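Below is one structure; the comments refer to it alone.
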Amino acid sequence: MASTPSQAGPSATPLAGTEPEEGRYEPRYIDVGINLTDRMYQGFYHNKKVHEVDLENVIERACAVGCKKLMVTGSSYKSSVAAVNLAQSYPGVIFATVGVHPCSASQVTKGPSNVRSRLRDIETLALEGKARGTVTAFGEIGLDYDRLFLSDKDSQLRVFEEQLRIAQKVDLPLFLHSRAAEEDFNRLLFAADLPRKGLVHSFTGTLEEMRTLVAAGYDIGINGCSLKTEENLAVVREVPIERLQIETDGPWCEIRPTHASAVYLKSMPAHLAEGIPRDVKKEKFQMGMRVKGRNEPCAIAGVAWVIAQVKGISFEEVCERSWDNSMKMFKYDEAAALQEAWSNENGQGAGDAA
1 MASTPSQAGP
11 SATPLAGTEP
21 EEGRYEPRYI
31 DVGINLTDRM
41 YQGFYHNKKV
51 HEVDLENVIE
61 RACAVGCKKL
71 MVTGSSYKSS
81 VAAVNLAQSY
91 PGVIFATVGV
101 HPCSASQVTK
111 GPSNVRSRLR
121 DIETLALEGK
131 ARGTVTAFGE
141 IGLDYDRLFL
151 SDKDSQLRVF
161 EEQLRIAQKV
171 DLPLFLHSRA
181 AEEDFNRLLF
191 AADLPRKGLV
201 HSFTGTLEEM
211 RTLVAAGYDI
221 GINGCSLKTE
231 ENLAVVREVP
241 IERLQIETDG
251 PWCEIRPTHA
261 SAVYLKSMPA
271 HLAEGIPRDV
281 KKEKFQMGMR
291 VKGRNEPCAI
301 AGVAWVIAQV
311 KGISFEEVCE
321 RSWDNSMKMF
331 KYDEAAALQE
341 AWSNENGQGA
351 GDAA
């Protein structure tokens with residue numbers, strides 16, 4: 001049997017005082033986009049060590065609010081390996097994506113070898129992780145023309161196209177990124193002969209763009225960045241509930257007081273709001289507290305609550321439908337069974353893997 005959140009990992013146990021109240025809906029979430037390999041969760045900000053590592057506390061807080069599964073994003077070979085290692089340490093709770101983010105594309109295109117050979121390790125990591133149940137999506141891949149200062153357009157196009165070719169062999173759902181690149185993104189994506197569709201995560205595009213992607217069979221991932229403006233909210237209102245998934249994209253994409261969505265948080269029930277510990281400045285870090293400006297999975301309740309208010313449906317419907325959508329696409333139960341089988345064959349239990 002796959003590990004539950006309270007069993008997996010070194011200290012992923014529920015916080016005290018979080019027992020459900022009889023008769024009240026207790027939400028369950030899947031954070032389908034969380035960057036737990038980011039150095040902020042190791043206490044580093046702008047390459048400077050500010051506080052001690054609190055990653056285990058972050059995962060513990062996620063489990064305590066009902067965030068039962070976390071899909072940790074790989075954005076380069078190095079971060080993909082780290083994501084897979086986390087999945088091995090928290091079987092049944094953490095799963096990984098493997099891929100090269102468009103903003104990391106120039107790391108692949110520079111150097112003497114060609115793009116295909118430089119992405120071979122990504123392909124191998126994805127295939128091995130899929131077989132072991134640690135990798136449930138191929139990505140984060142796509143295009144980002146908002147940040148061409150990080151990777152030029154040609155590098156992004158070459159790496160995206162090659163990774164779409166790899167996706168045909170890997171046969172995993174895609175975890176996709178698109179920023180200010182709709183025409184090229186859709187052209188390459190729709191031209192590829194892909195065995196699976198996937199999720200366009202952290203969606204901030206137009207209503208027309210959303211409808212085009214949904215019509216093509218893709219799900220839409222919503223986080224705080226997707227809820228920033230009134231225009232964003234108008235798009236979210238129209239996302240079909242059967243194609244919607246939720247995420248935090250921490251440590252980024254929190255719902256800020258200046259966002260159009262912030263007003264909806266004022267009506268959030270106390271038992272949900274209280275599950276999100278207060279935050280402190282990183283310079284005044286306290287173990288067990290959130291860090292101001294660093295988003296994390298325990299805040300996913302806010303995303304679900306805002307979506308419910310914007311769409312005019314119940315909070316429970318948002319939680320349950322998004323849960324079902326994520327389970328259907330990424331098949332976490334099947335992956336957890338593979339994790340358990342692999343651990344048993346190799347004599348490893350929860351938290352024993354590197």
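Heads up: the sequence shown begins at 1 in full-length UniProt numbering, then just goes up one per residue.
Glycine included, C-beta positions come from ideal geometry on N, C-alpha and C.
Every value quoted in this text rests on a predicted model; they were computed, and no experiment measured them.
Residue i and residue j look like a contact to me (Cβ under 8 Å); what is the Cβ gap, rounded to whole Å?
i: Val159; j: Val93; result: About 30 Å; that fails the 8 Å criterion.
i: Ser106; j: Ser178; result: So it is not a contact: roughly 18 Å between Cβ atoms.
i: Val236; j: Leu227; result: 7 Å
i: Ile34; j: Lys69; result: The Cβ separation is near 10 Å, so there is no contact.
i: Met289; j: Val280; result: 5 Å
i: Asn232; j: Thr204; result: 6 Å
i: Val136; j: Leu172; result: The residue you asked about is not Val; residue 136 is Thr in the sequence shown. With a Cβ gap of about 7 Å, Thr136 and Leu172 count as contacting.
i: Ala62; j: Pro251; result: Between Pro251 and Ala62 the Cβ distance is about 13 Å, and since that is not below 8 Å, they are no contact.
Residue i: which of the options sits nearest, CA to CA?
i: Gly224; options: Ala215, Leu213, Ile241, Gln245; result: Gln245
i: Phe175; options: Lys169, Leu188, Glu183, Arg196; result: Arg196
i: Val239; options: Cys253, Ile30, Tyr218; result: Tyr218
i: Val81; options: His51, Gly139, Gly111, Val58; result: Gly139
i: Met210; options: Ile241, Trp252, Leu36; result: Ile241
i: Ala167; options: Glu183, Asp184, Gly198; result: Gly198
i: Glu334; options: Thr206, Glu183, Tyr145, Ala131; result: Ala131
i: Gly221; options: Thr229, His201, Gly205; result: His201
i: Gly74; options: Val291, Val65, Val84; result: Val84
i: Leu207; options: Leu189, Glu182, Glu56; result: Glu182
i: Tyr41; options: Val32, Lys49, His51, Leu55; result: Leu55
i: Met71; options: Arg28, Thr134, Arg61; result: Thr134
i: Ile276; options: Ala260, Ile122, Gly347, Arg294; result: Arg294
i: Leu127; options: Val170, Ser104, Lys153, Gln163; result: Val170
i: Pro269; options: Trp342, Thr37, Asp249, Val306; result: Val306
i: Asp249; options: Leu36, Arg28, Glu26, Gly23; result: Leu36
i: Lys48; options: Asp144, Lys282, Glu26; result: Lys282
i: Ser261; options: Arg120, Gln309, Leu272; result: Gln309
i: Ala304; options: Arg28, Lys153, Gly142; result: Arg28
i: Gly66; options: His271, Asp184, Gln339, Leu189; result: His271
i: Val50; options: Lys292, Trp342, Gly347, Gly302; result: Lys292
i: Thr97; options: Gly347, Tyr332, Ala341, Val53; result: Tyr332
i: Ala299; options: Gly111, Val58, Asn346, Ser117; result: Val58
i: Arg24; options: Lys284, Glu316, Ala192; result: Glu316
i: Cys319; options: Glu247, Ser343, Ala337, Glu161; result: Glu247
i: Arg243; options: Arg321, Phe44, Cys103; result: Arg321
i: Gln339; options: Leu164, Gln88, Gly111, Phe330; result: Gln88
I need the DSSP call for residue i, collapsed to helix, strand or coil.
i: Ala126; result: helix
i: Thr109; result: helix
i: Met71; result: strand
i: Asn344; result: helix
i: Arg290; result: strand
i: Asp144; result: strand
i: Phe285; result: coil
i: Gly312; result: coil
i: Leu338; result: helix
i: Leu244; result: strand
i: Phe44; result: strand
i: Pro10; result: Residue placement at Pro10 is flagged as unreliable, the pLDDT there being 44, under the threshold of 50; a coordinate-derived value is accordingly withheld.
i: Lys49; result: strand
i: Lys228; result: coil
i: Asn114; result: coil
i: Thr212; result: helix
i: Ile307; result: helix
i: residue 355; result: The chain is shown only over 1 to 354; residue 355 falls outside these bounds and no answer can be derived.
i: Asp121; result: helix
i: Val81; result: helix
i: residue 432; result: Limits of the chain in this structure are 1 at one end and 354 at the other, which puts residue 432 out of reach.
i: Met268; result: coil
i: Trp252; result: coil
i: Glu60; result: helix
i: Tyr332; result: helix
i: Arg24; result: coil
i: Asp38; result: coil
i: Leu86; result: helix
i: Ala2; result: Per-residue confidence for Ala2 stands at a pLDDT of 36, beneath the threshold of 50, marking its modelled position as unreliable; the derived number appears in the next sentence. It is coil, neither helix nor strand.
i: Pro102; result: helix
i: Ala239; result: The residue you asked about is not Ala; residue 239 is Val in the sequence shown. Looking at Val239 - three-state DSSP - the assignment turns out to be coil, as it is neither helix nor strand.
i: Phe160; result: helix
i: Ala181; result: coil
i: Asp54; result: coil
i: Asp171; result: coil
Tell me, which residues are paired with residue i by DSSP?
i: Val200; result: Leu176, Ile220
i: Thr97; result: Ala137
i: Val280; result: Val291
i: Asp31; result: Leu70
Counting only beta-carbon separations shorter than 8 Å, does residue i have a partner in chain C?
i: Glu320; result: The structure shown contains no chain C; it is built from a single protein chain.
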